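Undergrad: To convert, take the position in the sequence shown, counting from 1, and add 53; that gives this note's numbering.
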Amino acid sequence: MYSKKLVALLGALMVFTLSHAQTFPNKPLKIIVPYPPGQASDQISRMVADKVSQAVGQPIIVENKPGAGGNLGTEIGAKSPADGYVMTIGTAALPISKLVYKKLTFDPVNDFNGITLMTTMPLVLVVPPALKVNTVAELVEYAKNNPGKVNFASSGTGTSHQLAGEMFKQYANVDITHVPYKGSPPAHLDLMGGSVDLMFDNIVAVAPHIKSGKLKALAVTSKTRSPILPNVPTMRESGYPKIEAVAWFGVLVPKGTPKNIINLLNKEFVAALVNPEIKNKLQESGAQVVASTSEEFDIFMQNEVNKWSSVINTAKISLD
């Protein structure tokens with residue numbers, strides 16, 4: 054008797070799941086961007102959302118929810134219904150938040166399933182033109198000859214810019230001091246003026262200064278060279294293969310979203326990302342299109358947690 058009821062219940066559940074997948078989406082979708090309008094995460098989201106919206110036949114509303122370093126909007130996304138209608142943009146800050154904030158009421162990584170890792174973008178190790186170094190090796194030698202006197206700028210404590218600098222400090226075994234700023238622009242001004250000695254920053258942010266001669270690029274932190282700065286070697290080429298740090302943007306849904314919904318969304322987002330028009334625009338901005346599977350994105354996020362965990366623990370970084 055109980056087994057018949059169980060079979061009937063399972064059968065009804067399967068019918069519901071299949072019918073739900075077949076009708077999804079039957080209402081507008083939303084993408085939460087946990088940062089202000091106009092930033093890269095917002096621009097990429099809107100560009101790709103337009104294409105996906107056309108493919109699924111439903112509007113996709115891009116909603117900016119900035120605050121608390123991205124945690125405000127991310128928490129809203131994590132606590133949304135796991136039905137595929139609310140997506141959240143994840144960035145390199147996601148695994149970092151998991152490690153530097155101990156009092157969050159959500160898990161920035163484990164409360165989500167990945168849809169796709171859309172793009173990555175390298176950071177660039179830059180120095181002022183007045184600093185008499187032209188390679189990473191020369192910078193390391195300079196730092197070792199001046200222990201405690203060399204400093205590196207970042208856009209703020211706990212940012213990927215700081216962590217890249219801390220990673221360099223640890224792997225190159227140099228005694229350099231972190232100087233946090235409130236954003237990249239003031240850090241760039243002091244860097245160009247020689248008040249600080251080096252910085253790791255997003256390629257889009259520093260490329261104009263490099264091309265104008267106001268900053269000097271020593272290396273990029275991606276596995277391969279960037280088409281934006283083809284003559285700048287990678288950290289790997291410079292003798293530091295473990296120093297790899299990229300800005301990235303991906304699409305997430307709450308944990309527990311049905312797999313068939315995840316697969317459908319992945320299919321449409323990947324199709325949008327590899328569309329020649331969108332792909333060219335993204336590459337021209339300095340981004341590398343990835344368009345991963347959902348499984349690859351989940352693994353990538355866990356690898357990011359593992360990578361930054363040791364760096365953060367060694368540097369003793371905490372934001373609460």
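Ideal placement from N, C-alpha and C gives every residue a C-beta, glycine not left out. Everything numeric in this text was worked out from a predicted model, so none of it was measured.
#1: Please report the Cβ distance between Ile85 and Gly130, rounded to the nearest whole angstrom; I am assuming they are in contact, meaning their Cβ atoms lie under 8 Å.
#2: Roughly how many whole angstroms lie between the Cα atoms of Ile331 and Lys295?
#3: Between Gln215 and Thr76, what straight-line distance do the alpha-carbon atoms span, to the nearest angstrom?
#4: Nearest CA to the CA of Thr230: which residue from Gly211, Pro307, Leu251 and Thr212?
#5: Opposite Gly137 in the DSSP bridges: which residues?
#6: Considering only the beta carbon of each residue, do Ala298 and Leu282 sit closer than 8 Å?
#7: Which residues mark the beginning and the end of the alpha helix (DSSP H) in which Glu219 is found?
#8: Within the continuous alpha helix (DSSP H) that includes Thr367, where are the two ends?
#9: Skipping 5 residues on each side, what residues in its chain have a beta carbon closer than 6 Å to that of Glu290?
#10: Are the region 230-247 and the region 308-325 touching by the rule of at least three beta carbon pairs closer than 8 Å?
#11: I'd like to confirm the pairing. Which residues does DSSP put opposite Asp164 in its beta bridges?
#12: Could you check whether Ile142 and Val304 sit closer than 8 Å to each other, using their CB atoms as the reference points?
#13: Have a look at Tyr154, Pro134 and Val162 and flag the residue whose alpha-carbon is nearest the alpha-carbon of Thr144.
#14: Give the secondary structure of Leu192 by DSSP, where H, G and I count as helix, E and B as strand, and everything else as coil.
#15: Count the other C-beta atoms from every protein chain shown that fall within 10 angstroms of the C-beta of Lys378, then say buried if there are 16 or more, exposed otherwise.
#16: Within 8 Å, do at least three Cβ pairs link the region 203-219 to the region 345-359?
#17: Candidates Asn124, Leu317, Ala272 and Ala325: which alpha carbon is nearest Leu192's?
#18: For the alpha helix (DSSP H) that Pro239 lies in, which residues bound it at each end?
#19: In the DSSP assignment, find the beta strand (DSSP E) that holds Leu157 and state where it starts and stops.
#20: Helix, strand or coil, according to DSSP, for Thr172 in the structure here?
#21: Could you tell me the distance, in whole angstroms, from the CA atom of Thr70 to the CA atom of Lys83?
#22: Is it buried or exposed, Asn198, if we count other Cβ atoms within 10 angstroms and call 16 or more buried?
#23: Mind checking whether the beta-carbon of Phe221 lies closer than 7 Å to any heavy atom of the ligand PLP?
#24: For Val304, write down the residues that DSSP places opposite it in a beta bridge.
#25: How would you write the range of the alpha helix (DSSP H) that Phe77 sits in, first residue to last?
#26: What separation, rounded to the nearest whole angstrom, lies between the Cα atoms of Thr310 and Leu125?
#27: Between the alpha carbons of Val249 and Ala190, how many angstroms are there, rounded?
#28: Going by DSSP, which residues form a beta bridge with Asp254?
#29: Would you call Ile314 buried or exposed, if buried means 16 or more other Cβ atoms sit within 10 Å of its Cβ?
#30: Have a look at the DSSP bridge pairing and note the partners of Val86.
TA: From the atom records:
#1: Contact between Ile85 and Gly130 holds, since their C-beta atoms are separated by about 5 Å, short of 8 Å.
#2: Approximately 31 Å, taken between the alpha carbons.
#3: When the Cα atoms are used, Gln215 and Thr76 turn out to be separated by approximately 45 Å.
#4: When only C-alpha atoms are compared, the closest one is Leu251.
#5: Looking at the DSSP assignment, Gly137 forms no beta bridge with any residue, so it has no partner.
#6: The answer is no: Cβ separation not under 8 Å.
#7: Segment Ser213 to Ala225, the alpha helix (DSSP H) holding Glu219.
#8: Where Thr367 is concerned, the enclosing alpha helix (DSSP H) stretches over Ser347 to Ala368.
#9: Nothing listed; no residue qualifies.
#10: These segments do not touch.
#11: Bridge partners of Asp164: none, in fact.
#12: Yes. Within cutoff.
#13: Selected option, being the one with the closest Cα: Val162.
#14: In the structure shown, the three-state DSSP call for Leu192 is helix.
#15: Since the displayed the chain opens at 54 and closes at 373, residue 378 lies outside it and no answer follows.
#16: Contact check between the region 345-359 and the region 203-219: fewer than three CB pairs, one atom from each, fall below 8 Å, which does not count as touching.
#17: Nearest in C-alpha terms to Leu192, of all of Asn124, Leu317, Ala272 and Ala325, is Ala272.
#18: Element bounds for Pro239: Ser237 to Gly246.
#19: Element bounds for Leu157: n/a, residue is neither H nor E.
#20: In the structure shown, Thr172 sits in a strand (DSSP, three-state: E or B).
#21: With a pLDDT of only 47 at Thr70, under the threshold of 50, the placement of this residue in the model should not be trusted, and no figure is reported.
#22: Looking at its Cβ environment, which holds fewer than 16 other Cβ atoms inside 10 Å, Asn198 is exposed.
#23: The model depicted lacks the ligand PLP and carries no ligand whatsoever.
#24: Looking at the DSSP output, Val304 bridges to Ile142 and Thr169.
#25: Where Phe77 is concerned, there is no enclosing alpha helix (DSSP H), given that its DSSP letter is neither H nor E.
#26: Those two C-alpha atoms are separated by around 21 Å.
#27: If I take the Cα positions, the gap works out to 19 Å.
#28: In DSSP, Asp254 forms a bridge with Val177.
#29: So Ile314 ends up on the buried side.
#30: DSSP lists Asn117 as the bridge partner or partners of Val86.
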